[in-house]
Amino acid sequence: MWNRLASQPPACRSGLAAILLIAAAAALVFACSGAAVKPEQRIPLAADAPYASEVKTTDYSMEYELVYKPAGASGGGTLQFNGKLVPRRGLDSMTIWINFLDAEGKTIGSKTLYSPGAGRGAARTSLEQTFEVPPDAVSVAFTHIAREKRPILLD
C-alpha cells in the first residue's frame, strides 16, 4: 500500500494528507465535545471586564484579550477576541479552536479561531473575531492540532 501511495503524484499525496488531517481534527473535536477541561485551563467569562493573558504550547504562543458582553438573563452573549499568534517554525498546518464550557467545565460548543488551511503553513498573525456565546457557557478554553512539514520518504 505504501509503495502505491509513494508512486502517486505529489498533489495526490498532499490531498490525501489534507483529508486525513481534517478527519483527525474532526475526530478530536468530536471526542472532546462534552469532555471536562481541567480547572487551571478554564478562562472565566466576566461580564464587560477585559481579560488579558497569554497561552504557550509547544506549537504556538498567543497573547490575547477577551471581552464578554452578556445578552441578558437568558445567558449567552458575544465574546470579542483580539490576539497575536506566534506559531513555531516548521508547521505545515495548524488549527486553533476556542471552546465554550459549562459550569462543570464540559465543552458545549467550539468555534475555529485560526485555520489557514492544509499546506499553507502557520504564520504570525493578528486575530480579531467576535463569537456568539452559548447560553450555558461560563468559561472558555483553547485546543489545537498542528502538523509539521515533513517530506514523504520513498523506499
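Residue numbers (this note's numbering): 566 to 720. Here a beta-carbon is modelled for each residue, glycine too, at the ideal position from N, C-alpha and C.
Open item on the list: Using 8 Å as the threshold, is the C-beta distance between D624 and R653 below it?
Closed with: yes
- [ ] Output the boundary residues of the beta strand (DSSP E) element that contains Q694.
- [x] T690 to V698
Task: Neighbour-count burial assignment, S704, 16 or more Cβ in a 10 Å radius - done: buried
Open item on the list: Along the chain, where does the beta strand (DSSP E) containing K676 start, and where does it finish?
Closed with: T672 to Y679
TODO: Measure from the alpha carbon of N664 to the alpha carbon of each residue in L656, I673 and D657, then state which is nearest.
DONE: I673
Open item on the list: Can you look up I710 in the DSSP assignment and give me helix, strand or coil?
Closed with: strand
TODO: May I ask you to list the residues that DSSP assigns as paired with G642?
DONE: P635 and V698
- [ ] With DSSP collapsed to three states, give me the class of P652.
- [x] strand
TODO: Determine the direct distance from the alpha carbon of D701 to that of R607, and round the result to whole angstroms.
DONE: 15 Å
- [ ] Go through its chain and collect everything with a Cβ distance to K676's Cβ below 6 Å, but skip five positions before and after it.
- [x] I663 and F696
Open item on the list: According to DSSP, is P609 part of a helix, a strand, or is it coil?
Closed with: strand
TODO: Just tell me which of S618, A611 and S691 has its CA closest to the CA of Y679.
DONE: S691
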